[in-house]
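Peer 1:
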Amino acid sequence: MTNTLSGSCLCGEIAFEIENQFDNFYFCSCAQCRQITGSAFASNLFAKTTGFRWTKGEEKVKRFKLPNRDIAKTFCPNCGSGVPKISADGQSVMVPAGALNGEPQMPLPKRIFQRERPNWATYYEAYDAFERFPLR
Ligand SMILES: [Zn+2]
Ligand SMILES: [Zn+2]
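All letters in the sequence shown, in the order written, are residues 224 to 359 by the numbering used here.
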């Protein structure tokens, strides 16, 4: 038995549902993911498209493809959030984990392209942690 997760962009114009069953979970620190997310790494789940469907705004999904590279980003043109990306062959879907409204039944994540990880993110887990902005 599998359950279903919903997800959306921040403004809600694009939404989707997916079977809570994923094949891979990658934290990718490559330079392209750093720039595409504006963060230390991208957190992407991978699944078969059979369990995936758009529930809102599929026609609004914007796609940026890096010329001469097999790198693309799909996002909401209204709020800029990353949204799921269907592979070129239509067989698999990459889901930005942060777009999900629930917890994925996850395969153990793998950290990839670690040599491209920025120095400021190297000791992430060791830095002081707070529930909110720290008081001054
Ligand atoms: Zn949006
Ligand atoms: Zn990457």
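No residue lacks a Cβ here, since even glycine has one placed at the ideal position from N, Cα and C.
Report the residue from D351, R286, W277 and V316 whose alpha carbon sits nearest the alpha carbon of I259.
Peer 2: Minimum Cα distance to I259 is reached at R286.
Peer 1: Taking contact to mean 3 or more Cβ pairs, one atom from each stretch, closer than 8 Å, check whether the region 234-249 and the region 267-283 are in contact.
Peer 2: Yes: at least three Cβ pairs fall under 8 Å.
Peer 1: Using a Cβ-Cβ cutoff of less than 6 Å, which residues in the same chain neighbour G325 once the five nearest sequence positions on both sides are dropped?
Peer 2: Here the set comprises L228.
Peer 1: Within 8 Å: the Cβ of E236 and any heavy atom of ligand 4?
Peer 2: Questions concerning ligand 4 fall outside what the structure shown contains, since the ligands it does hold are ligand 1 and ligand 2.
Peer 1: Could you check whether V306 and I237 sit closer than 9 Å to each other, using their CB atoms as the reference points?
Peer 2: A contact, by the Cβ cut-off of 9 Å.
Peer 1: Compute the Euclidean distance between the alpha carbons of W277 and M329, then round it to the nearest angstrom.
Peer 2: Whole-angstrom Cα-Cα distance: 21 Å.
Peer 1: Are the beta-carbon atoms belonging to T272 and Q244 less than 9 Å from one another?
Peer 2: No, they are not a contact pair.
Peer 1: If contacts are defined as beta-carbon pairs under 8 Å, then V318 and G235 qualify, I think. What distance do you get, rounded to the angstrom?
Peer 2: Wrong, their Cβ atoms sit about 17 Å apart, outside the cutoff.
Peer 1: I need the straight-line Cα distance from F275 to K308, nearest angstrom please.
Peer 2: F275 and K308: Cα-Cα distance of roughly 11 Å.
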